[in-house]
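Numbers 1162 to 1419, taken from our numbering, label the letters of the sequence shown in order.
No residue lacks a Cβ here, since even glycine has one placed at the ideal position from N, Cα and C.
Scroll down for the structure; my scribbles are underneath it.
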Amino acid sequence: MGTTGQQLTTVPEPKYWHLRTVLLRAIDSEFSTGQVLPNERELSARFGVARATLRQALDQLELEGRLVRRRGIGTLIAAPRVGVPVNRQEEGWPGVGRSQAWRTVDCTTASASAQLAKNLGIAEGATVHTVRRVRLVEGRAVATESLHVPAAALPHLPGFRAESDRARSVLRQLERLEVDGESRSVELGVAEAEEAVLLERPPGSPVLVMTTQYAAAGRLVALAVSTYRADTCKLTFGETGLVEVTPVAGAPEVRTAS
């Protein structure tokens, strides 16, 4: 690599970040899952730092899922991240075999915005059904999902009176479509206000945003945007741990906000 005549400026490491690294070493070598950390006064004295610096480091480790605070108990060592399968064999085509893992929040039918229309490969203003759900693992919310389905992909969708009936109808109709392609992408993001409430996390918490395109009969029929808690989840793809998908022929490139 050639030189550009510019030198990189070394940025001093913040005190709390250095302390975070030191705390991680102590956590890995001295503590086990579920064990309570010493109180702030003891930790401040041990590491020779101000309590404000200690709190910053503890807050960071909580965001990363290494620590968990319990009122009346203290700060505990968090359990390892839960492996969450996201391949179609384990998770199922939307609507199939996932009733125990997903809880429906709501279902709306509206005109597609310019960005959603582009992602779905349809005309702006076309009708789209959106089912919002929460994924549960051992009774805990680990992800939210917005499943967007163009109305044109479900021409035989029956009428419905209640919102819950609409969601069930959309998912049932999806079950009848034979998937012949899918693509997935994952990127780091932060939880927006509505997602944070559903995930029981503060707004701005780190999340993994997985976008999945599903195709049937050679056209894109559904777009799922799933937001997983980065502090408690690790996503697993296929039996080998590799991403195992079949391409969605002719589908538009999907970009999700980070």
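- Sequence-distant partners of Lys1395 (beyond 5 residues in either direction) whose C-beta falls short of 6 angstroms from its own C-beta, in its chain, are Arg1242 and Gly1244.
- Residue state for Ile1238 is assigned as strand, using DSSP reduced to three classes.
- Gly1195 counts as exposed, since fewer than 16 other beta carbons sit within 10 angstroms of its beta carbon.
- The DSSP-derived three-state label of Thr1194 is coil.
- By the Cβ neighbour-count rule, Ala1271 is exposed, with fewer than 16 other Cβ atoms within 10 Å of its own.
- DSSP lists no beta-bridge partner residue for Asp1392.
- Under the three-pair Cβ rule at 8 angstroms, the stretch 1340 to 1353 counts as touching the stretch 1373 to 1380.
- In the DSSP assignment, Ser1272 falls outside any alpha helix (DSSP H) and lies within the beta strand (DSSP E) extending over Trp1263 to Ser1272.
- The stretch 1340 to 1360 makes contact with the stretch 1379 to 1391: 3 or more CB pairs, one atom from each, lie closer than 8 angstroms.
- Counting every other CB atom within 10 Å of its CB across the protein chains shown gives Ile1234 a total below 16, marking it as exposed.
- By the beta-carbon neighbour count (other beta carbons within 10 angstroms, threshold 16), Ser1193 is exposed.
- In this structure, the beta-carbon distance from Leu1360 to Thr1291 does not fall below 8 angstroms.
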